[in-house]
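Participant:
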Amino acid sequence: MSDSPNESWLVRASTIRLLWRVSIVVLALTVLAQLVVKMKGYFGIDEWFAFAAIFGFLACLAMVLVAKFLAIFLKRDENYYNDGLDDD
Amino acid sequence: MTELLSPALILVVSALLTGILRGHWRAALILLAPIVTLWAVWQVPDGVMATVSFLGYEIEPVEGSALRRLFATIFAIMAFAGGLYAFRHARWYELAAAQAYAAGAIGVCFAGDLITMFIYWEMMALFSTIIVWCGGTPAARAAGIRYAIMHLLGGIILKVGIEGVAVHTGSINIQPMLASNFDTWMLLIGILINAAAPPVSAWLADAYPESSPTGSVFLSAFTTKTAVLALILLFPGEPILIWIGLYMVMYGIIYALLENDARRILAYSIVNQVGFMVCAIGIGTQTALNGAAGHAFAHIIYKALLFMSAGVVIYRTGKTKCTDLGGLYRTMPLTTICGIIGALAISGFPLTSGFVTKTLVSQAAVDQSLMLVYFLLAAASAGVFLHAGIKFPWFVFFQRDSGMRPKDAPWNMAAAMVFLSLLCILIGVFPTLFYQLLPYPVDYQPYTAGKVVFYLQLLLFSGLAFFLLLPLMRRTRTISLDTDWIWRVALSGAANKLAKLFSDLGIRIEAQSSARLIRLRDYTGQFFGTHSKHKDSQDGHPFRSQPIGQTALWIAVLLSAYVLVYYL
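In the order they appear, the protein sequences are chains B and A.
First residue of the first sequence? That's 0 in numbering that gives the first Met the number 0, and the numbers climb one at a time after it.
First residue of the second sequence? That's 0 in numbering that gives the first Met the number 0, and the numbers climb one at a time after it.
1. Starting from ARG75 (chain B), find everything on chain A with Cβ-Cβ shorter than 7 Å and list it in chain order.
2. Quick one: grab the DSSP three-state call for SER179 (chain A).
3. Going by Cα to Cα distance, which pick from A:THR128, A:MET185, A:ILE155 and A:ILE280 is closest to ASP205 (chain A)?
4. Is there at least one Cβ from chain A nearer than 8 Å to PHE42 (chain B)'s Cβ?
5. Does GLN456 (chain A) get closer than 8 Å to chain B when you measure Cβ to Cβ?
6. Out of A:MET176, A:VAL40 and A:SER210, point me to the one whose CA is closest to ILE280 (chain A)'s CA.
7. Check the Cβ-Cβ distances between GLY449 (chain A) and every residue of chain B, and say whether any is below 8 Å.
8. Which residues bound the alpha helix (DSSP H) around GLU162 (chain A)?
9. Comparing C-alpha positions only, which one of A:THR334, A:PRO235 and A:ALA49 sits nearest to TRP410 (chain A)?
10. Expressed to the nearest angstrom, what Euclidean distance is found between the alpha-carbon atoms of ASP45 (chain A) and GLY111 (chain A)?
11. Taking C-alpha atoms, which residue in A:ALA414, A:ARG67, A:MET48 and A:PHE429 lies nearest to VAL61 (chain A)?
12. Note the first and the last residue of the continuous alpha helix (DSSP H) segment covering PHE570 (chain A).
13. Checking contacts by CB at 8 Å: is VAL24 (chain B) closer than that to chain A?
14. Can you list the residues of chain B that GLY382 (chain A) reaches, using a CB-CB cut of under 8 Å?
15. On a CA-only basis, which of A:ASP323, A:LEU256, A:SER352 and A:ALA220 is nearest GLY103 (chain A)? Give me that one, please.
16. For ARG75 (chain B), does the three-state DSSP call read helix, strand or coil?
17. Rounded to whole angstroms, what's the CA-CA distance from LEU237 (chain A) to MET185 (chain A)? Just pull it up for me.
18. Which whole-angstrom value describes the C-beta separation of VAL562 (chain A) and ALA494 (chain A), a residue pair presumed to lie in contact below a C-beta threshold of 8 Å?
19. I'd like the span of the beta strand (DSSP E) that includes ILE44 (chain B), first residue to last.
20. So does the segment 51-58 of chain A actually touch the segment 107-121 of chain A, counting three or more Cβ pairs closer than 8 Å?
21. Name the residue from A:HIS150, A:LEU228, A:VAL248 and A:LEU3 whose alpha carbon lies nearest to the alpha carbon of PHE384 (chain A).
22. How many Å lie between ASN180 (chain A) and TYR119 (chain A) at the Cα?
23. In terms of residue numbering, what span does the beta strand (DSSP E) encompassing GLU57 (chain A) cover?
24. With burial defined as no fewer than 16 other Cβ atoms inside 10 Å of the residue's Cβ, what is the status of ILE44 (chain B): buried or exposed?
25. Determine, using beta carbons only, whether SER401 (chain A) comes closer than 8 Å to chain B.
26. Can you check whether the C-beta of SER7 (chain B) is within less than 8 Å of a C-beta belonging to chain A?
27. Along the chain, where does the alpha helix (DSSP H) that runs through SER479 (chain A) open and close?
28. Helix or strand or just coil, what does DSSP make of GLU568 (chain A)?
29. When you compare each of A:HIS386, A:ALA65 and A:ALA309 to PRO440 (chain A) by their alpha carbons, which one comes out closest?
30. Spatial neighbours of GLY63 (chain A) within its chain, please: C-beta separation below 6 Å, excluding the five flanking residues on both sides.
31. Three or more C-beta pairs under 8 Å: does that hold for the segment 297-317 of chain A against the segment 334-345 of chain A?
32. With distances taken between CB atoms, is the gap from ILE340 (chain A) to SER420 (chain A) smaller than 8 Å?
33. Under DSSP, the alpha helix (DSSP H) around PHE117 (chain A) begins and ends at which residues?
34. What does a CB cutoff of less than 7 Å around LEU16 (chain A) pick up in its chain, not counting 5 residues either side in sequence?
35. Closest by CA to TRP132 (chain A), which one among A:MET122, A:GLY143, A:LEU504 and A:PHE465?
36. Below 9 Å on C-beta distance, what does THR14 (chain B) contact in chain A?
Okay, here's the thing in structure tokens:
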């Protein structure tokens, strides 16, 4: 990913750096917004500071890891079922 | 007389005419028929319009209510948007089948009794199978047959349930019930098969991605959502649906995360989204049923939009695998933007349709103090952003540069995508307008500062998780096994073994019987003195015909076993 001028602007290293910085600022702002906005918790813990951020992140981490674990048993080559079909 | 005619019949006529008309006339028909249908849908008043007696049953071909009109409206809108998307590219028989399929869905919406519902239900099974076959490849043919078997099986189970309810209660009325006896369980299972509920969720991701780029747009809209409507009408508040729904939500996410085929990712996310609706129906309060109906409406729009953007990519590049795609935003900006709008809507971002309908379902869980359900749905919302909201557009339009520079969408496909994108945003920005269409009065405000901040945190941090975990999500050229492995591999393998066993047995029996015949002939020869006892006298015609007949029989048995196994 060099800064070659022929490349699309979106994949330039400088753009990607900028995107990461902007994203981190936006992420921080959504959490800091809780200082101003009163979060109405329904079950107690969802009122905590940055609860949704941490919950969302951990939920995704858990789902990716579960998927990775199940992949050990479930993943097969993409032609697994097609073998018989090629004889058509 | 006219009160006996369902609005669905307009699309039936249009489907029949599609094969006859040519050129501009056909295009006009395909675009206008859904609009006329939409008008007719809104002419249906509340209540049963008329009844006819048939074999001692009171048939109610047309029954109206806000809920029924809501579903029929979105089906008519989809017939229009799908028609606009497809009419220049799909073959005429795919277009005709799509209209008949939509007619079946709208017919189910207005069916006042179980028999009418069943007829339109089977009509959908029939014409959706044809759409799968229109994929045109050997894989599509095989998937279509598996799809047909699954839906015919579901139809039989549904029929058993209907018969049971009719015989034991004497009524074929569509009315709320609980799964409390054999009949109602059969009814529930028959409907759930169409909703792609466990353990047979696999049919959806098996069949839809094999259809043509235009066909999958139609397939994504009708079958599962009519099942949702049927569940709302027949089983609101059935507690087991909460857990079935939650299972579907998680199943969809996990399988979509493992998947490499772009349209199969979207297919798994249908199961995930229908899971939200099924869960809401299980909760069963007015807010929950509003949420289920509203979410079905919003879902049909953004899921069709996502399938449209995937369809354009396949139409232009011929590729569907994430491992082959990437970097297409350079030359397909409109398709990319529409795909992203669909992705944001399915993730339930504020200002999109998904936000104003999905939060209704969560609110229903809160109202009933279902804490576990609420948090699992919140986790699933994060997971939706992960698997459909970012994964789909990222791997198709961004990630690496695949080197492909395809043209953007043809004008009609672009128009259909822009139309649905606008609907996604319109519903998201003006929720109160949309809430008026829902079956029950809505006392709910989606845009409170607290809720918006909660969902922004939840979704944006899921996005962060995606990019941090990207090394774990490298695409591989693989598929994931599902319960359909049982009938596609285990059962068919067992049947093959059985066939081999029979054929071996046949050969042995044949050998034994010829030996016996020789003995018999020698014996009779001895008796009548017509043949000598010589070993070389085996070629007598009357004695050879029987083993040949047996061989033919065994070949027939084998062939039937083979045909059966092959199509499973």
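Cβ atoms here follow ideal geometry from the backbone N, Cα and C, with glycine treated the same way.
Facilitator: A quick look at the data gives this:
1. Here residue 75 (chain B) is taken as the residue at index 76 of the first sequence, counted from 1. Per Cβ cutoff of 7 Å: THR477, ILE478 and LEU480.
2. Translated into positions along the second sequence, residue 179 (chain A) becomes position 180. It is coil, neither helix nor strand.
3. The residue you call residue 205 (chain A) lines up with position 206 of the second sequence. Minimum Cα distance to ASP205 (chain A) is reached at A:THR128.
4. Stepping through the first sequence from its first residue, residue 42 (chain B) is reached at position 43. Using a Cβ-Cβ cut-off of 8 Å, PHE42 (chain B) counts as an interface residue toward chain A, since at least one Cβ of chain A sits closer than that to its own.
5. On the second sequence, residue 456 (chain A) is found 457 positions in, with the first residue counted as 1. Answer yes: the Cβ-Cβ gap between GLN456 (chain A) and chain B drops below 8 Å somewhere.
6. Counted from its first residue, the second sequence places residue 280 (chain A) at position 281. The shortest Cα separation from ILE280 (chain A) among A:MET176, A:VAL40 and A:SER210 belongs to A:MET176.
7. Numbered from its first residue, the second sequence carries residue 449 (chain A) at position 450. Yes, because at least one Cβ of chain B sits closer than 8 Å to the Cβ of GLY449 (chain A).
8. Within the second sequence, the letter at position 163 stands for residue 162 (chain A). Note, GLU162 (chain A): alpha helix (DSSP H), 137-168.
9. Translated into the one-based positions of the second sequence, residue 410 (chain A) becomes position 411. Answer by Cα proximity: A:THR334.
10. Along the second sequence, read from residue 1 onward, the residue named residue 45 (chain A) stands at position 46. Along the second sequence, read from residue 1 onward, the residue named residue 111 (chain A) stands at position 112. Straight-line Cα distance between these residues: approximately 11 Å.
11. In the second sequence, the residue the question calls residue 61 (chain A) occupies position 62. Checked all of A:ALA414, A:ARG67, A:MET48 and A:PHE429; the closest Cα to VAL61 (chain A) is A:MET48.
12. Because chain A is modelled from 0 through 567, residue 570 (chain A) falls outside the range shown and cannot be assessed.
13. What you label residue 24 (chain B) is simply residue 25 of the first sequence in a count that begins at 1. Chain A places no beta carbon closer than 8 Å to that of VAL24 (chain B), leaving this residue out of the contacts.
14. Residue mapping note: residue 382 (chain A) aligns to position 383 of the second sequence, counting from 1. By Cβ distance, chain B contributes ALA58, CYS59 and MET62.
15. Counted from its first residue, the second sequence places residue 103 (chain A) at position 104. Of A:ASP323, A:LEU256, A:SER352 and A:ALA220, the residue nearest in Cα terms is A:ALA220.
16. Reading the first sequence from its first residue, position 76 is the one you call residue 75 (chain B). In the three-state reduction of the DSSP assignment, ARG75 (chain B) falls in the strand class, which pools E and B.
17. As a working mapping, residue 237 (chain A) is identified with position 238 in the second sequence. As a working mapping, residue 185 (chain A) is identified with position 186 in the second sequence. According to the sequence displayed, residue 237 (chain A) carries Glu and not Leu. Their Cα atoms are separated by approximately 14 Å.
18. Taking the first residue of the second sequence as 1, we reach residue 562 (chain A) at position 563. Taking the first residue of the second sequence as 1, we reach residue 494 (chain A) at position 495. That belief does not hold up - the Cβ atoms of VAL562 (chain A) and ALA494 (chain A) are roughly 11 Å apart, past 8 Å.
19. Stepping through the first sequence from its first residue, residue 44 (chain B) is reached at position 45. Premise fails: ILE44 (chain B) is in no beta strand (DSSP E) and is neither H nor E.
20. Short answer: they touch.
21. Here the question's residue 384 (chain A) lines up with position 385 in the second sequence. Nearest of A:HIS150, A:LEU228, A:VAL248 and A:LEU3 to PHE384 (chain A), Cα basis: A:VAL248.
22. Counting from 1 along the second sequence, the entry for residue 180 (chain A) is found at position 181. Counting from 1 along the second sequence, the entry for residue 119 (chain A) is found at position 120. About 25 Å.
23. On the second sequence, position 58 is the one that residue 57 (chain A) refers to. Per DSSP, GLU57 (chain A) belongs to the beta strand (DSSP E) from 56-58.
24. Numbered from its first residue, the first sequence carries residue 44 (chain B) at position 45. Within 10 angstroms of the beta-carbon of ILE44 (chain B) lie fewer than 16 other beta-carbons, which makes it exposed.
25. For this step, residue 401 (chain A) is matched to residue 402 along the second sequence. Taking Cβ atoms only, chain B never reaches closer than 8 Å to SER401 (chain A), which makes this a no.
26. Residue mapping note: residue 7 (chain B) aligns to position 8 of the first sequence, counting from 1. At least one CB of chain A lies nearer than 8 Å to the CB of SER7 (chain B).
27. Residue mapping note: residue 479 (chain A) aligns to position 480 of the second sequence, counting from 1. Per DSSP, SER479 (chain A) belongs to no alpha helix (DSSP H); it is in the beta strand (DSSP E), 477-479.
28. Outside the displayed span of chain A (0 to 567) sits residue 568 (chain A), for which this structure offers no information.
29. What you label residue 440 (chain A) is simply residue 441 of the second sequence in a count that begins at 1. Nearest option by C-alpha distance: A:ALA65.
30. Translated into positions along the second sequence, residue 63 (chain A) becomes position 64. Cβ within range, chain order: VAL43, PRO44 and ASP45.
31. In short, these stretches touch, since the Cβ pair count reaches three.
32. On the second sequence, position 341 is the one that residue 340 (chain A) refers to. On the second sequence, position 421 is the one that residue 420 (chain A) refers to. It is a contact, given that the beta carbons lie within the stated cut-off.
33. Counting from 1 along the second sequence, the entry for residue 117 (chain A) is found at position 118. Counting along the chain, the alpha helix (DSSP H) containing PHE117 (chain A) begins and ends at 113-132.
34. Counting from one through the second sequence, the residue named residue 16 (chain A) turns up at place 17. The answer, listed in chain order, is LEU28.
35. The count along the second sequence starts at 1 and reaches residue 132 (chain A) at position 133. The shortest C-alpha separation from TRP132 (chain A) is found at A:GLY143.
36. On the first sequence, position 15 is the one that residue 14 (chain B) refers to. Correct list: empty, because the minimum Cβ distance to chain A is about 12 Å.
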